[in-house]
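Have a look at the structure below before the remarks.
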Amino acid sequence: MSTVAARDVAVDGVSSTNGGEPLVRVDDLTVDYRNDDQWVSVVKNVSFSIGRGETLGLAGESGCGKTTTALAMFGYNKPGSRVAGGRVSFDGRDLLGLSDRQMQPIRGARISLVPQNPASTLTPSMKVGRQVVETLEAHGVSSGSEAMERTVEIFGQVGLPEPAEIARRYPHQLSGGQQQRVVIAIAIVCRPDLIVLDEPTTALDVTTQARLLELLTQIKGDSGMSALYVSHNLGVLEQICDRVAVMYAGELIEIAPTAELFNQPRHPYTRGLIAAVPRVEAEHAGTEKLRGLLRRDDLPDGCGFAPRCPYSRPQCFTDPQRLDEIEPSHQVACWRAPDIEAEATP
Amino acid sequence: MTPLLEVSDIQISYRPRRGLVSRLVRALRSDTTEPVPAVRDASFTINPGETVALVGESGSGKTTLARSIAGLIQPQRGTLRFEGADITRPVHRRPAELLRHIQYVFQNPASSLNPRRKVRYSLGRTLDVFFKLSGAERRDRMAELLASVHLDPGYIDRYPPQLSGGEAQRVAIAQALAAEPKLILCDEVLSALDVSVQDNILELLRELQASRDVAYLFIAHDLAVVRWLADRVVVLYHGRIVEQGTVEEIFTPPHHPYTALLLDSIPGKGEHHVSALAEDASTVGTAPDAGCAFEPRCQHRIAGVCEVDDPPRLHDSPTHDVLCHLSAEQRASLQITTAAAGASSEET
């Protein structure tokens, strides 16, 4: 796929086919967590948008704030946290201003979630078919035998063998891959506009992961729904996303169309994350490897990645970096990005 | 050279539950089926200082096999030899010296370390069990162990919940090293970690092997992570070893069709061309009773053969075994065709 084609798909999150306002627009989102008596920002001034029909990947290591950012799509956050600033607008409405009651018809029907661990999402004492029916009834889509028919149909669509039989089973009678397919079925059964996937394949075998990625690509193609896909593995995002945003220590540090991000990663951290993807073809160069770990308690005033960066200069530790457009639709938060290109390819 | 570990014809089945309710349920369902062996006819060796990767999907019997090597499960059949001596007996009947030489690192470091005890306790316990150290000697040894896994001496007073996944896994590795083993069984030690941290742990394992000459049995479901660590690879499917060979042999076609599927499932290389045809474990039922266990998912199955007869063990080379009805030539022509088809579709 050429970068030109990728750019046609999405410029600043607006799908060229639909035009107009993107489905989701996140502006300067800041989320704090309480740590003893202090509030600590775990997501800082994050802005991005998701176009209609677009899949945006959100990448980063554990603790970088990617899940917190993704959960903001549901207008709520974990206990002990607060939204300190910013806006999350969905189809023109500000989600952060809505009460739980006002969110109710949106959650599950217009925005749905596929979490990491399917086993803990499904109710263990309820047959899986009933759990899909419940979702349909709660949102008033259908009920009774009609809902059951729809359930069997959706189980078939997500590739479950003998859907009618599976619907009568309890979660523990299914494999991890089958459970995750059930969770995906619940997530898409009301035909939402946006599906948020939080590391949905991390607990699964690579073979199951490969098939689920195919399934998600197919669902996307058939339904035109938008998706936000969170993962620590850029290799997974490469396969399914139109654009990828990379987070580090609560900040967005690079965002670009997928092909461009992989062909021309500009931020040193992105380069390291790409090098970390386990690959069969060739062993990656040692210089690009990520050193050390993300230490939230030891962040400099400047660029959060500076302590681990092979290209850092003294200014990096003192001067905060902001996202700058270096090419249309490619933004990076690193003042040294142009030099790094030259240094990395001698 | 005597292998460090020799696994011969191991067969392990999990006994059906013996409780009254379980027996009643089986009787009512007139279920008289014998349990399917979790591992059957498994034979392979590990040489001193070598890394052997054991690869397969969940449920393939990898962990069962590793647990039998550690003496946590007793095989019904077959023998285990360590440095030539028969060790096919449960862990409580193994001599202390043997326990010291075979160490286990688990998948989830958070659950293998005692959350209420400091790192000091976890490391010290291993030292106390196997070596009678005290005072400064014991302290120095602990600091040295932490240093060998690249953790500051300060970590000695931390509790496991205060550690990140990667740090906790380093402590678990240090704990295994404390015994000065000859073999470490690494059971999916990377799968709970971020890819960037996985990379660091792989590097660490390689470094420790170079300096200590320890052998690893490295269990993984992802072939990509073993590519740059293993010397040899054993591929397990439904309890059977379907392919084994040197790492080059495993990663160069012709493969066993299942190995080909595993290779093709590795994320981050664009379009999948083989798996589009092959089923994954969640979309097919249980393995058939007769013939090749992989047949229902195999895109190269030969009708009338694969579902009927058990596949032969073919020796592609003296170090390379494949359990398949297809000859090396047949597999080579099929896999080159699919690879070429994939390559041309990627160009478009």
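Chains as they are written, first to last, in the numbering used here: chain A, 1 to 346; chain B, 1001 to 1348.
Virtual Cβ for every residue (Gly too), placed ideally from N, Cα, C.
All values reported here derive from a predicted model rather than from experimental measurement.
Local conformation of V103 (chain A) per DSSP, three classes: Reading off the sequence, residue 103 (chain A) comes out as Met, not Val. Helix, per DSSP.
Which residues bound the beta strand (DSSP E) around A227 (chain A)? 226-231
When DSSP labels each residue in this structure, what does L58 (chain A) get in the three-state scheme? strand
Could you name the residues of chain B that L233 (chain A) contacts, counting a contact when the two beta carbons are closer than 9 Å? The residue you asked about is not Leu; residue 233 (chain A) is Asn in the sequence shown. Correct list: D1194, V1195, P1267, G1268.
What residues in the segment 248-271 of chain A bring their beta carbon closer than 8 Å to a beta carbon of chain B? none
Would the beta-carbon of T1064 (chain B) be found less than 7 Å away from any heavy atom of the ligand SAH? What this structure holds is no ligand at all, so the ligand SAH is not there to describe.
Report buried or exposed for H1272 (chain B), applying the criterion of at least 16 other Cβ atoms within 10 angstroms of its Cβ. Confidence is the limiting factor: at H1272 (chain B) the pLDDT is only 47, short of 50, which leaves the residue's position unreliable, though a coordinate-based value still follows. Buried: at least 16 other Cβ atoms inside 10 Å.
Since A1172 (chain B) and V1105 (chain B) are thought to touch, with beta carbons under 8 Å apart, how far apart are those beta carbons, to the nearest angstrom? 5 Å
Flag A1224 (chain B) as yes if its beta-carbon sits less than 8 Å from any beta-carbon of chain A, otherwise no. yes
Starting from D1152 (chain B), find everything on chain D with Cβ-Cβ shorter than 9 Å and list it in chain order. Considering every chain present, this structure includes no chain D. Its protein chains are A and B.
Can P257 (chain A) and S329 (chain A) be called in contact, C-beta distance under 8 Å? yes
Quick one: is K1062 (chain B) buried, meaning 16 or more other Cβ sit within 10 Å of its Cβ, or exposed? buried
The segment 1247-1256 of chain B in contact with the segment 1067-1087 of chain B per 3-pair CB rule at 8 Å: no
Just to confirm my understanding: we take D1041 (chain B), look at its own chain, exclude 5 residues before and 5 after, and list those with CB closer than 6 Å. What are they? D1009
Under three-state DSSP, which class holds A1070 (chain B)? coil
Return the CA-CA distance between A1174 (chain B) and P200 (chain A), expressed in angstroms with no decimal places. 31 Å
Relative to the C-alpha of M1001 (chain B), which residue among B:Y1258, B:V1039, B:T1045, B:P1311 is closest? B:T1045
Check C316 (chain A) in the structure and name its three-state DSSP category. helix
Leaving out the 5 sequence neighbours to the left and right, which residues in its chain are closer than 8 Å to G354 (chain A) when beta-carbon positions are compared? Past the edges of chain A, shown from 1 to 346, lies residue 354 (chain A), and the structure says nothing about it.
Nearest-angstrom Cβ-Cβ length linking I240 (chain A) and T30 (chain A), presumed shorter than 8 Å: Not quite, the Cβ-Cβ distance comes to about 28 Å (not below 8 Å), so this is no contact.
So what does S81 (chain A) bridge to, in DSSP terms? A:Y33
Starting from the beta carbon of S223 (chain A), find every residue of chain B whose beta carbon is closer than 7 Å, and list them in chain order. Near S223 (chain A) there are no residues of chain B at all, since even the closest Cβ is about 20 Å away, more than 7 Å.
Assess contact between the segment 1238-1245 of chain B and the segment 1314-1328 of chain B, defined as three or more Cβ pairs (one per stretch) separated by less than 8 Å. Is contact present? yes
Mind reading off the beta-carbon distance from A303 (chain A) to Q321 (chain A)? Whole number of angstroms is fine, and I expect it under 8 Å. One point to set straight first is that residue 303 (chain A) is Cys, not Ala, in the sequence displayed. Going by Cβ atoms, the distance from C303 (chain A) to Q321 (chain A) rounds to 5 Å, so yes, they are a contact pair.
Against chain B, with Cβ distances strictly below 8 Å, would G86 (chain A) count as a contact? no
Return the chain-ordered ranges of every alpha helix (DSSP H) run that is complete within the segment 138-203 of chain A and spans a minimum of 4 residues. 144-157, 163-167, 176-188
Got a sec, what are the start and stop residues for the alpha helix (DSSP H) K66 (chain A) sits in? 66-71
Which residues, taken in chain order from the segment 1145-1171 of chain B, show a beta carbon closer than 7 Å to some beta carbon of chain A? S1164, G1165, G1166
What residues in its chain sit with their C-beta under 7 Å from that of T121 (chain A), if we drop five residues either side in the sequence? P115, V183
Per DSSP, M247 (chain A) is paired with what? A:L252
Using DSSP with H/G/I as helix, E/B as strand and the rest coil, what is T1051 (chain B)? strand
Tell me which same chain residues have a C-beta within less than 6 Å of the C-beta of G286 (chain A), skipping the five on either side of it? Caution is warranted here: a pLDDT of 48 is assigned to G286 (chain A), below 50, making its placement in the model unreliable, and no coordinate value can be reported.
When the Cα atoms are used, what is the spatial distance from D1231 (chain B) to A1110 (chain B)? 29 Å
Chain-order list of residues whose beta-carbon lies under 6 Å from that of H1101 (chain B) (same chain, five-residue window excluded): P1181, K1182
Local conformation of D997 (chain B) per DSSP, three classes: Lying before the first or after the last residue shown, residue 997 (chain B) is absent from chain B, which here runs from 1001 to 1348.
Residues bridged to Y1237 (chain B) [DSSP beta-bridge criterion]: B:R1240
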